[in-house]
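**Student:** From first to last, the protein sequence lines stand for chains A and B.
So the first sequence is residues 422 to 647, counted in our numbering.
So the second sequence is residues 422 to 647, counted in our numbering.
Just so it is clear, CB atoms sit at the ideal spot from N, CA and C, and this is done for glycine as well.
Nothing here was measured: the structure is a model prediction, and the numbers come from that model.
My questions all concern the structure below.
Number of protein chains: 2
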Amino acid sequence: MATTRSRSTRDRPAKSPLSAEAIVDAALAICREETLDAVTMRRVAAELDTGPASLYVYVQNREELLRQMLDRVSGAIELPRVEPARWREQVHELVRGWLRAMEAHPGLASVAVGNPPASERTMRVADHLLELLLAGGVTPHDAAWACDILPLITTATAVESDVHRMHGHVEAETVARIEDAITALAPERFPHLTRYAAELVSGDGDERFHFAIDVFLDGLVARGRG
Amino acid sequence: MATTRSRSTRDRPAKSPLSAEAIVDAALAICREETLDAVTMRRVAAELDTGPASLYVYVQNREELLRQMLDRVSGAIELPRVEPARWREQVHELVRGWLRAMEAHPGLASVAVGNPPASERTMRVADHLLELLLAGGVTPHDAAWACDILPLITTATAVESDVHRMHGHVEAETVARIEDAITALAPERFPHLTRYAAELVSGDGDERFHFAIDVFLDGLVARGRG
DNA sequence: GTACGTAACGAACGCTGTTCGTGTCAAGTA
DNA sequence: TACTTGACACGAACAGCGTTCGTTACGTAC
């Protein structure tokens, strides 16, 4: 009980003061370099040279911290000026940017599922997406609803990609494993799966993601015509 | 330290033996009546009149238990005979059944995100979905890829629905809250969101879900033609 | 020089998933 | 019938989690 510990970290020279922003920054850094699982209150606090209790002054609880992390990441997406002639391409760019931003923070996408954009920062993105769809001639009703569904597909895809990477599977391995599983199926019980095994395992994650977006946009366009 | 506890639960008369099936059953029962969060190893064990350690003989760990729960639920979906004339309707019925099954077990849907069907039981469903799409004239390539995307949309929707319900929000409340949030936005910063606020908040979860599926199927059909 | 309000902290609580070694029973063998 | 064996079930414990409480240390205003 001597003075070995030198009276806490208090007498250290400077130590930048705590703040909600600094906490979110630290949490995102941990998430980038490891995983969302590693973002524990203790770990974030340690990164800021303090104890977990200190965080609760600036952050209500862990859930809110995760939401703020997501908000920061989603809000940082760049929104180029709308060019109606290439609106579809621009939708693809937008969702790809979103996907990339989430993939850069393994596990964070799972926070987005079921937590639709609600902050001003993410509303900005939603507004932009809506503008793009309207520019493409999609009816207001369809465009408005699509503003829910396109992010839903994007986040769900990001989660899937996360899960694979976090289990240490490289893309090629996963494909091989699934291919094996499918070809090992009894053809008489699963006639269609086995017959089209090649198509089922073809393409990488990105191709399939943009296919999903593309088909959905096709549907929106077709709907506008009919 | 007396003999009050009567030498453990061992001397009880019968007590049905433990098994993987019984464990999954108990876990699903808890999930139905409460939430997936309530499905802890201790809680499941208590439901079976035993301790948490006993479960690990039949279940590798909690994650595997959750996957088995999902497998059981997804595998129980009924698959009516394919009628090519009403294939679209049948796709809707299939995904609705899936959605309902997951909604009956709050929180379970989140297990499905990123854990695509891999067991025989769920492959059955995938095979059926593929058959439906092929019957509708969708090309094998598109149909195969759609077998990934339609479940993805379904599970993501289920998660969203879960999150709302688990936070205690009734649908009407959620809508009101979002509507408030949108109409409170500055029209000059979010011109499109504020302009189409009515469309953005219209419809309930089911309508929007089937809209998403419908648009996607429209896209698949349009693609087959073009 | 003293009192004050605020931010930071150490310690603790109750909970989690999981593991280890012990205990107990039922069946098989001599 | 007496004994061994193997499988299963269990109690206790470990390390970690999110979160809260009461106290401590500080910069500032008087």
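1) Please state the DSSP three-state secondary structure of residue 473 (chain B).
2) Report the residues of the stretch 630-643 of chain A with a CB closer than 8 Å to any CB of chain B, ordered along the chain.
3) For residue 577 (chain B), decide whether its Cβ has a neighbour in chain A, counting only Cβ atoms nearer than 8 Å.
4) Closest Cβ-Cβ distance between residue 490 (chain B) and chain A: below 8 Å?
5) Can you tell me where the alpha helix (DSSP H) holding residue 455 (chain A) begins and where it ends?
6) Which bits of chain B does residue 536 (chain A) rub up against, with CB to CB less than 8 Å?
7) With a threshold of 8 Å, are at least 3 pairs of Cβ atoms found where one atom belongs to the stretch 598-609 of chain A and the other to the stretch 470-478 of chain A?
8) Could you check what DSSP says for residue 526 (chain A) in three-state terms: helix, strand or coil?
9) So, is the C-beta of residue 617 (chain A) closer than 8 Å to a C-beta in chain B?
10) With distances taken between CB atoms, is the gap from residue 546 (chain A) to residue 537 (chain A) smaller than 8 Å?
11) How about residue 456 (chain A) and residue 496 (chain A): are their beta carbons less than 8 Å apart?
12) Thinking residue 564 (chain A) and residue 555 (chain A) are a contact (beta carbons under 8 Å), I'd like their distance in whole angstroms, please.
13) Can the beta-carbon of residue 583 (chain A) be found closer than 8 Å to that of residue 626 (chain A)?
14) Any C-beta of chain A sitting closer than 8 Å to the C-beta of residue 614 (chain B)?
15) Note the first and the last residue of the continuous alpha helix (DSSP H) segment covering residue 489 (chain A).
16) So, is residue 478 (chain A) buried or exposed, given that buried needs 16 or more other C-beta atoms within 10 angstroms?
17) Pick from B:448, B:522, B:467: whose alpha carbon is nearest that of residue 579 (chain B)?
18) State whether the stretch 458-473 of chain B contacts the stretch 509-524 of chain B, with contact taken as three or more CB pairs (one from each stretch) at a distance under 8 Å.
19) Counting contacts by CB-CB distance shorter than 8 Å, is residue 605 (chain A) in contact with chain B?
20) Got a sec: which bits of the stretch 554-567 of chain B sit with their beta carbon under 8 Å from any beta carbon on chain A, in order along the chain?
21) Put residue 537 (chain B) into one of helix, strand or coil per three-state DSSP.
22) What are the residues in the stretch 522-535 of chain B lying within 8 Å of chain A by C-beta distance?
23) Kindly indicate which residue of A:599, A:616, A:550, A:561 has the alpha-carbon position closest to the one of residue 575 (chain A).
24) Put residue 606 (chain B) into one of helix, strand or coil per three-state DSSP.
25) State the start and end residues of the unbroken alpha helix (DSSP H) segment that holds residue 561 (chain B).
26) Just to confirm the assignment, what range does the alpha helix (DSSP H) spanning residue 468 (chain A) have?
27) Can you find a C-beta in chain B that's less than 8 Å from the C-beta of residue 574 (chain A)?
28) Rounded to a whole number of angstroms, what is the C-alpha to C-alpha distance between residue 641 (chain A) and residue 439 (chain B)?
29) Beta-carbon separation of residue 600 (chain A) and residue 562 (chain B) under 8 Å?
30) From A:462, A:531, A:502, pick the residue whose C-alpha is nearest to that of residue 492 (chain A); which is it?
31) State the CB to CB distance for the pair residue 637 (chain A) and residue 570 (chain A), rounded to an integer number of angstroms; the pair is presumed to be in contact (CB under 8 Å).
32) Give the C-beta separation of residue 548 (chain B) and residue 613 (chain A) to the nearest angstrom, bearing in mind that I take them to be a contact with Cβ-Cβ under 8 Å.
33) According to the neighbour-count rule (16 or more other Cβ atoms, all chains shown, within 10 Å of its Cβ), is residue 458 (chain B) buried or exposed?
34) Leaving out the 5 sequence neighbours to the left and right, which residues in its chain are closer than 8 Å to residue 645 (chain B) when beta-carbon positions are compared?
35) Taking 6 Å as the limit between beta carbons, can you name the residues of its chain near residue 633 (chain A), skipping five residues before and five after?
**Tutor:** Taking the structure as given:
1) Helix.
2) Taking 8 Å as the Cβ-Cβ cut-off against chain B, the residues of the stretch 630-643 of chain A that qualify are 632, 633, 635, 636, 637, 638, 639, 640, 641, 642, 643.
3) Residue contact with chain A for residue 577 (chain B): present (Cβ-Cβ distance below 8 Å to some residue of chain A).
4) Chain A contact via Cβ: absent.
5) No alpha helix (DSSP H) contains residue 455 (chain A), which DSSP labels as neither H nor E.
6) Residues of chain B with a Cβ closer than 8 Å to the Cβ of residue 536 (chain A) are, in chain order, 584.
7) Taking a contact to require three or more Cβ pairs closer than 8 Å, the stretch 598-609 of chain A and the stretch 470-478 of chain A do not qualify as touching.
8) In the three-state reduction of the DSSP assignment, residue 526 (chain A) falls in the coil class, being assigned neither a helical nor a strand state.
9) Yes, its Cβ sits closer than 8 Å to a Cβ of chain B.
10) Going by C-beta atoms, residue 546 (chain A) is not nearer than 8 Å to residue 537 (chain A).
11) Result no, Cβ atoms of residue 456 (chain A) and residue 496 (chain A) do not sit closer than 8 Å.
12) About 5 Å; that satisfies the 8 Å criterion.
13) No, these two residues do not count as a Cβ contact at 8 Å.
14) Yes - at least one Cβ of chain A is within 8 Å of the one on residue 614 (chain B).
15) Here the alpha helix (DSSP H) through residue 489 (chain A) covers 483-496.
16) Counting Cβ neighbours within 10 Å, residue 478 (chain A) comes out exposed, since fewer than 16 surround it.
17) Considering only B:448, B:522, B:467, the residue with the shortest C-alpha distance to residue 579 (chain B) is B:522.
18) Counting Cβ pairs under 8 Å, fewer than three are found: no touch.
19) Closer than 8 Å: no.
20) Those would be 555, 561, 562, 563, 564, 565, 566, 567, in chain order.
21) Coil.
22) Residues passing the 8 Å Cβ filter: 531, 534, 535.
23) Checked all of A:599, A:616, A:550, A:561; the closest Cα to residue 575 (chain A) is A:550.
24) Here residue 606 (chain B) sits in coil by DSSP.
25) For residue 561 (chain B), the uninterrupted alpha helix (DSSP H) run begins and ends at 561-587, by DSSP.
26) Segment 462-468, the alpha helix (DSSP H) holding residue 468 (chain A).
27) Yes, residue 574 (chain A) counts as interfacial toward chain B.
28) Their Cα atoms are separated by approximately 52 Å.
29) The criterion of a C-beta distance shorter than 8 Å is not satisfied by residue 600 (chain A) and residue 562 (chain B).
30) For the residues A:462, A:531, A:502, the minimum Cα distance to residue 492 (chain A) belongs to A:531.
31) With 8 Å as the limit, residue 637 (chain A) and residue 570 (chain A) qualify as a contact, their Cβ atoms being about 7 Å apart.
32) Residue 548 (chain B) to residue 613 (chain A), Cβ: 5 Å. Contact.
33) For residue 458 (chain B), the number of other beta carbons within 10 angstroms of its own is below 16, and it is reported as exposed.
34) Setting aside the 5 residues that flank it on each side, residue 645 (chain B) is surrounded in the same chain by 558, 559, 560, 563, each with a C-beta closer than 8 Å to its C-beta; the list follows chain order.
35) The residues 574, in chain order, have a CB closer than 6 Å to that of residue 633 (chain A) in the same chain once the five nearest residues on each side in sequence are set aside.
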